[in-house]
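Colleague: Residue numbers (the numbering used here), protein chains in the order written: chain A, 5 to 306; chain B, 5 to 306.
Glycine residues also receive a C-beta, built at the ideal position from the N, C-alpha and C atoms.
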DNA sequence: AGAATGGATAGGCATTGCCTATAGGACATC
DNA sequence: GATGTCCTATAGGCAATGCCTATCCATTCT
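Structure below.
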C-alpha cells in the first residue's frame with residue numbers, strides 16, 4: 005500500500021470515475037486502473053464496483069475512504085510540521101559558557117537576542133570547558149562560548165572566532181608599577197600571584213603567559229571568580245592577570261596592559277561537528293558572531 | 005514521502021543506527037542511507053545528526069518520529085479494518101422481495117439465517133419487481149427474490165434459480181370442477197376471474213397461462229394480495245390462479261392443479277451484475293440457494 | 001598502529017509505475 | 001438496430017527508482 009495509491013483511490017472516489025480522476029490528477033487513466041487493481045489485490049477486496057460504465061464504492065471502499073483520507077491528511081500535517089519547525093525561528097537553544105566569560109559577555113547578548121526573537125527560548129549552562137564539551141557531545145548543550153582554540157583532537161568541534169582580548173596585570177593602587185603604561189610578567193617575578201582555581205581554562209592562559217616570560221608565579225590564592233581575586237588585589241595581597249572583559253572600576257586597584265603581544269585570550273563559539281542546528285540555534289550563533297565587535301571595547305574604561 | 009521511508013526512519017530511530025536497522029529490517033544499509041537521504045531532502049531538513057560513527061535524532065527528527073509512527077500504525081489499522089470487514093460475516097444485508105412471495109417464502113429463511121449469523125443485520129424491502137430492480141441499481145437493495153426470468157435486456161442482473169412451483173386453480177368448494185384431479189384453463193373459460201392488480205408480476209404469469217390456453221379471462225376483481233382473492237373465491241364470486249406457496253386451508257375453497265405442465269412460477273434470487281457482495285450478503289445468497297429445497301413442499305398440504 | 005565498526009558513495013540490475021494504443025462493454029442517438 | 005461515444009481494462013514499451021554488492025572514508029577500540 006503506497007501513498008499514491010491512496011491518493012488515487014480518494015481522487016476516484018471523490019470524482020466518481022477513473023477517467024474524471026485521471027483528468028484531475030494529471031495521471032493517465034490506465035495508471036489509476038492499474039494502481040487501484042494493485043491496491044484491491046493487496047487488500048483482498050474490491051474497493052469499487054464496476055457497474056456498466058459507472059463505478060461505485062463498495063461497502064468496504066466506503067469504510068476505507070475516510071481512513072485513506074485521514075492518512076493523506078496526517079501525512080501533509082507531518083510534512084508541514086517539519087517544514088514549519090525548520091523555518092520558524094522558535095524553540096529552545098541551550099548555550100554553554102565558561103564562568104570567566106559568562107558574567108561579562110553574555111547578558112547584553114541575551115537581551116538583544118530575546119528582543120529580536122521573542123519566540124526563542126534560551127537557557128544558559130555555566131560550566132568549565134571540558135564539562136561543556138561533554139554536554140555538547142551528549143546533545144544537552146547546542147552552542148558553547150569558550151576560550152579557543154580547543155585542544156581536542158581531530159575536528160570533533162567546529163569553532164567560530166568571536167573576539168580576542170588583551171590581558172592585564174591587576175595591581176594594587178600603590179604598587180610601584182601601577183602607573184606604568186605596560187608591564188612584563190618578568191617585572192612581576194617576585195610578586196605573590198592570585199589566580200583562578202585549577203580547571204578554569206583562563207588559569208592555563210595566565211600560566212602560559214608566565215611560562216613565556218620564564219616566570220614561575222608564586223600562587224598564594226586561588227578562587228573561582230575574578231571579583232574575589234580583585235578584592236584581594238585591592239587589599240594589597242598580591243597581583244593577578246585579568247582579561248580585558250573582566251576589568252572593573254575598583255578604588256584600590258590598577259590595571260596595566262601586559263607588554264607581551266601574545267598575552268591575549270581568544271573567545272569563540274563552538275558547536276559539535278556534524279550536528280545540525282535548528283533555525284533558532286543558527287540564529288543565536290549568527291547573533292554571537294555579528295554582535296561581538298561592539299562588545300569588544302565596552303568595559304575597557306572600567 | 006513513502007511508507008517504506010517512514011518504516012526505515014522509525015527502524016533507524018528505534019534501533020539507533022543504520023546498520024542495526026538494516027539487520028532488523030532485512031534491507032541493506034546503503035538502501036536505508038539512500039532512502040533517509042531522500043526523505044531528508046524532500047523535507048528540507050536533516051532527521052539524523054551523524055556524529056562520529058553514531059547517529060542521533062535531530063530536534064526535527066524527534067518531532068517527526070511520533071507522526072511517522074502514527075502514520076504507520078494507522079495504515080495497518082486501515083488495512084486490517086478492510087481485511088476484518090471482508091472476512092467477518094457481519095453487517096447489513098438488504099433483501100428485496102415481491103409481495104406474492106414475501107409472506108410465504110421469507111419468514112422461515114430469515115429466522116434460520118439470523119440464528120446462523122447473529123451478527124448479520126437483515127432488512128427486507130417488499131416491492132413489485134421493477135421497483136426492486138431500480139433499488140438494486142441504486143445500491144439500496146443487495147439481493148432480490150423475484151419471479152424469474154427477468155425480462156431485462158443484456159445481463160444487467162445475475163440470477164440464481166431457487167424453486168419452480170406449480171400453479172393451481174382456486175375454486176369455490178361446490179364448483180363443478182372442485183373434485184377433479186386437475187383442470188385446464190380452457191375448462192374455466194367462462195368463469196369470472198379474480199386476479200392480482202396490474203404491476204404484480206404474478207398477474208402476468210397467470211395471464212400468460214390463460215393465453216397459452218387461448219382463454220381471455222373475464223376479470224371481475226383485482227387485489228394486491230392472494231388472501232383477499234381467496235376470500236372472494238370462498239364466497240363463490242369467481243375463480244383464480246394461485247401459486248403453490250400461496251395455498252391456504254380455507255373452508256370454502258378448493259385447489260386443483262392446472263393440467264398445463266408449463267403453468268409454473270420460477271423464483272430466483274437476483275443481484276446486480278458486477279456488484280461485489282460482502283461476506284454477509286454472499287452468505288445470505290448461499291442460504292437462499294441451499295435451503296430452498298426444504299421449503300418447496302412445505303405448505304402444499306394446506 | 002592496526003583492526004573493526006558504521007555511514008556514505010558508486011555502479012549495476014530488476015522492479016515498477018507511467019505512458020500510448022487498443023480492446024471490450026454499456027449507453028445514447030439516429 | 002446500427003453507430004458513435006464514453007467508460008474501464010489490457011498490452012507493451014520506456015524511464016525512473018529502489019535495492020543490491022563493492023568500496024571508501026572516518027571514527028573508535030584494542
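1) Which residue's Cα is closest to the Cα of residue 143 of chain B: B:30, B:16, B:13 and B:282?
2) If I measure Cβ to Cβ from residue 40 of chain A and keep anything under 8 Å in the same chain, skipping five residues before and after, which residues do I get?
3) Going by the CB atoms, is the gap between residue 237 of chain B and residue 307 of chain B shorter than 9 Å?
4) DSSP puts residue 53 of chain A in a beta bridge; with which residues?
5) Would residue 276 of chain A count as contacting chain B if we go by Cβ distances under 9 Å?
6) From the DSSP secondary-structure annotation, give me the bridge partner or partners of residue 389 of chain A.
7) Under a three-way DSSP split, which group does residue 173 of chain B fall into?
8) Would residue 232 of chain B pass as an interface residue toward chain A - the criterion being a Cβ-Cβ separation below 9 Å?
9) For the beta strand (DSSP E) holding residue 1 of chain B, just list the boundary residues, first then last.
10) Under three-state DSSP, which class holds residue 233 of chain B?
11) Can residue 128 of chain B and residue 110 of chain B be called in contact, C-beta distance under 9 Å?
12) Let me know the secondary structure DSSP gives residue 23 of chain A once reduced to three states.
13) Assign residue 224 of chain B to one of two classes, buried (16 or more other C-beta atoms within 10 Å of its C-beta) or exposed (fewer than that).
14) For residue 100 of chain B and chain A, any beta-carbon pair shorter than 9 Å?
15) Start and end of the alpha helix (DSSP H) containing residue 243 of chain B?
16) Helix, strand or coil for residue 155 of chain B per DSSP?
17) On a CA-only basis, which of A:152, A:170, A:168 and A:169 is nearest residue 162 of chain A? Give me that one, please.
18) Could you check the C-alpha separation between residue 197 of chain A and residue 125 of chain A for me, to the nearest Å?
19) Quick check on DSSP: helix, strand or coil for residue 148 of chain A?
20) By the three-class DSSP mapping on this structure, what secondary structure does residue 168 of chain B have?
21) Name the one or two DSSP bridge partners that residue 258 of chain B has.
22) Is the segment 200-220 of chain B touching the segment 172-187 of chain B, taking contact as three or more C-beta pairs under 8 Å?
23) Closest to residue 65 of chain B by C-alpha separation, out of B:200, B:76, B:79 and B:48, would be which residue?
24) Along the chain, where does the alpha helix (DSSP H) containing residue 46 of chain A start, and where does it finish?
25) Taking all protein chains shown into account, decide if residue 276 of chain A is buried (16 or more other Cβ within 10 angstroms of its Cβ) or exposed.
26) Along the chain, where does the alpha helix (DSSP H) containing residue 208 of chain A start, and where does it finish?
Modeller: Working from what's here:
1) In the second chain, counting from the first residue as 1, residue 143 of chain B sits at position 139. Ranking B:30, B:16, B:13 and B:282 by Cα distance to residue 143 of chain B puts B:282 first.
2) Residue mapping note: residue 40 of chain A aligns to position 36 of the first chain, counting from 1. The answer, listed in chain order, is 9, 12, 13, 16, 22, 51 and 52.
3) Given a span of 5 to 306 for chain B in the structure shown, any question on residue 307 of chain B remains unanswerable.
4) On the first chain, residue 53 of chain A is found 49 positions in, with the first residue counted as 1. Answer is A:60.
5) Mapped onto the first chain, residue 276 of chain A falls at position 272. For residue 276 of chain A, the answer is yes, since a Cβ of chain B falls inside 9 Å of its Cβ.
6) The question about residue 389 of chain A has no answer, for chain A in this structure spans 5 to 306.
7) The sequence position of residue 173 of chain B within the second chain is 169, counting from 1. The answer is strand: DSSP assigns residue 173 of chain B an E or B state.
8) By 1-based counting over the second chain, the position of residue 232 of chain B is 228. By this cut-off, residue 232 of chain B is not an interface position.
9) Residue 1 of chain B is absent from the model: chain B starts at 5 and stops at 306.
10) If you number the second chain from 1, residue 233 of chain B lands on position 229. If DSSP states are grouped into helix, strand and coil, residue 233 of chain B belongs with the helices.
11) Along the second chain, read from residue 1 onward, the residue named residue 128 of chain B stands at position 124. Along the second chain, read from residue 1 onward, the residue named residue 110 of chain B stands at position 106. Cβ distance < 9 Å, so residue 128 of chain B and residue 110 of chain B count as in contact.
12) Along the first chain, read from residue 1 onward, the residue named residue 23 of chain A stands at position 19. Three-state DSSP puts residue 23 of chain A in a helix.
13) Your numbering for residue 224 of chain B matches position 220 in the second chain. Classification for residue 224 of chain B: exposed.
14) Numbered from its first residue, the second chain carries residue 100 of chain B at position 96. By this cut-off, residue 100 of chain B is not an interface position.
15) In the second chain, the residue the question calls residue 243 of chain B occupies position 239. Counting along the chain, residue 243 of chain B falls outside any alpha helix (DSSP H), and DSSP gives it neither H nor E.
16) The residue you call residue 155 of chain B lines up with position 151 of the second chain. In the structure shown, residue 155 of chain B sits in coil (DSSP, three-state: anything other than H, G, I, E or B).
17) For the purposes of this step, residue 162 of chain A is taken as residue 158 along the first chain, with counting starting at 1. With distances taken between Cα atoms, residue 162 of chain A lies closest to A:152.
18) Numbered from 1 along the first chain, position 193 holds the residue referred to as residue 197 of chain A. Numbered from 1 along the first chain, position 121 holds the residue referred to as residue 125 of chain A. Answer to the nearest angstrom: the Cα atoms are 41 Å apart.
19) Taking the first residue of the first chain as position 1, residue 148 of chain A is located at position 144. Note: residue 148 of chain A maps to strand in three-state DSSP.
20) Counting from 1 along the second chain, the entry for residue 168 of chain B is found at position 164. Reduced to three states, the DSSP call for residue 168 of chain B is strand.
21) Residue numbering aside, residue 258 of chain B sits at position 254 when the second chain is read from its first letter. Beta-bridge pairing links residue 258 of chain B to B:175.
22) Touching, no.
23) For the purposes of this step, residue 65 of chain B is identified with residue 61 of the second chain, where counting begins at 1. When each option's Cα is compared against that of residue 65 of chain B, the closest is B:48.
24) Walking along the first chain from the start, residue 46 of chain A turns up at place 42. From DSSP, the alpha helix (DSSP H) with residue 46 of chain A extends over 33-47.
25) As a first step, residue 276 of chain A must be located in the first chain, where it is residue number 272. Buried, since its Cβ has 16 or more Cβ neighbours within 10 Å.
26) For the purposes of this step, residue 208 of chain A is taken as the residue at position 204 of the first chain. Where residue 208 of chain A is concerned, the enclosing alpha helix (DSSP H) stretches over 205-216.
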